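J.: Residue numbers for the sequence shown follow the working numbering, so the first one is 59 and each next one is one higher.
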Amino acid sequence: MTNPRVNLFTTKESGITEIMAGPWKNIEVVTLGAGESVDLHAQGDEHCVFTIDGTAHVSEPDGRSWDFVAGNTVTLPEGGRCTITAGAEGMRYLIITLRVDH
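Below, the structure is given as structure tokens:
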């Protein structure tokens, strides 16, 4: 990567592993339309999800669930799972995928 600056609002590929050292695997901004869902499973890695704007509902396989609004964060440790369902206005979130070294 020739330019270490990346605008995550205009590209899906962050090239984070070329920009800085650390446990990063990927960083991206994701947009979900109204009512759209995404299932996250931290298989061999960890996820940190930060709500940028909009609202959503997060549910875990054990039945726990909560509302997710701008500024909220959820972290999935290795093996963690959740489903994020966007609210009526949709949502945008930043997801950071971290390598787990054993």
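Glycine residues also receive a C-beta, built at the ideal position from the N, C-alpha and C atoms. Quantities reported herein were computed from a predicted structural model and do not represent experimental measurements.
If you run the structure through DSSP and keep just helix, strand and coil, what is Arg122?
T.: If DSSP states are grouped into helix, strand and coil, Arg122 belongs with coil.
J.: Would His105 be called buried (16 or more neighbouring beta carbons within 10 Å of its own) or exposed?
T.: Label assigned to His105: buried.
J.: Can you list, in chain order, the residues of its chain whose CB lies under 7 Å from that of Asn61, leaving out five sequence neighbours each side?
T.: Note on Asn61: pLDDT 49, under 50, position unreliable in the model; the coordinate value appears next. Closer than 7 Å at the Cβ level, and outside the excluded window around Asn61, lies no residue.
J.: Return yes when the Cβ of Lys83 is within less than 8 Å of the Cβ of Thr131, no when it is not.
T.: No, the pair does not count as a contact, with Cβ atoms beyond the cut-off.
J.: Which of helix, strand or coil does DSSP assign to Glu86?
T.: Three-state result, Glu86: strand.
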